[in-house]
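Since the structure comes first, as structure tokens, the remarks are kept for the end.
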Amino acid sequence: IGRNNMDISKMLDAETINLHSDSINKYDAIKEMANMLYKSKRINDLTKFIEDVFKREKLESTNMDMGVAVPHSNSIFVDKTSIAIVRFKKEIDWEDGGEPVRCIFLFAVSKNEKGITHLDIIAKIAEILIDDDFIDFLNKTDNSKELINKINDLIGGLK
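This note's numbering applies: residue 10 is where the sequence shown begins, and numbers increase by one.
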């Protein structure tokens, strides 16, 4: 896959990132992220999308045990495949018995959009989320655009 196919800027922008979240639990965090996606016109039904994310979460925890969780939903309520990111001021309990979570990457995948590119990007982001250097950067940066550029650089470099 060429670098041009891996540009995440269509899926992620500063409107869908909050590096200073006050959310104190999993439900509030997912609601906050869904709200960001809704306000940026990436999902069309806030309540039903949130329900879909929690249905998926009940099947299997999305806590990656590196301080990061990756909830996701493949949903008819998603107009545009997107990613929302929050980082908490304080770690939260993911309610799964695993490690506490500091950052969440929420993947909203449209059932109507076809194409392997979205799945490739999600898989590649999952790869960088197990990289200690990236996690350090993620925990320190206060700049959404820098974060987007870093993700783009890293997924562009993966084969």
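Note that CB positions come from ideal geometry on N, CA and C, so glycine has one too. Every value quoted in this text rests on a predicted model; they were computed, and no experiment measured them.
- request: With a 10 Å radius around its C-beta and 16 neighbouring C-beta atoms as the bar for buried, classify residue 151 as buried or exposed.
  value: Flag for residue 151 reads exposed.
*Excluding the five sequence neighbours on either side, which residues of its own chain have a C-beta within less than 7 angstroms of the C-beta of residue 116, listed in chain order?*
Taken in chain order, the residues that qualify are 79, 81, 92, 131.
The alpha helix (DSSP H) that contains residue 143, what's its start and end? First-last of the alpha helix (DSSP H) with residue 143: 141 to 149.
With distances taken from CA atoms, which of 40, 46, 136 is nearest residue 63? The shortest C-alpha to C-alpha distance from residue 63 to any of 40, 46, 136 is the one to 40.
Using DSSP's beta-bridge definition, name the partner residues of residue 110. Looking at the DSSP assignment, residue 110 forms a beta bridge with 101.
key: C-alpha distance - residue 49 paired with residue 18, whole-angstrom precision   = Straight across, the Cα-Cα distance linking residue 49 with residue 18 is about 14 angstroms.
**Prompt:** Looking at the C-beta of residue 101, does it have a partner C-beta in chain B at a distance below 8 angstroms?
**Reply:** No chain B is present in this structure, which holds just one protein chain.
- Message: Using a Cβ-Cβ cutoff of less than 7 angstroms, which residues in the same chain neighbour residue 90 once the five nearest sequence positions on both sides are dropped?
- Response: Excluding sequence neighbours, residue 90 sits near 20, 117, 118, 119, 122, 127.
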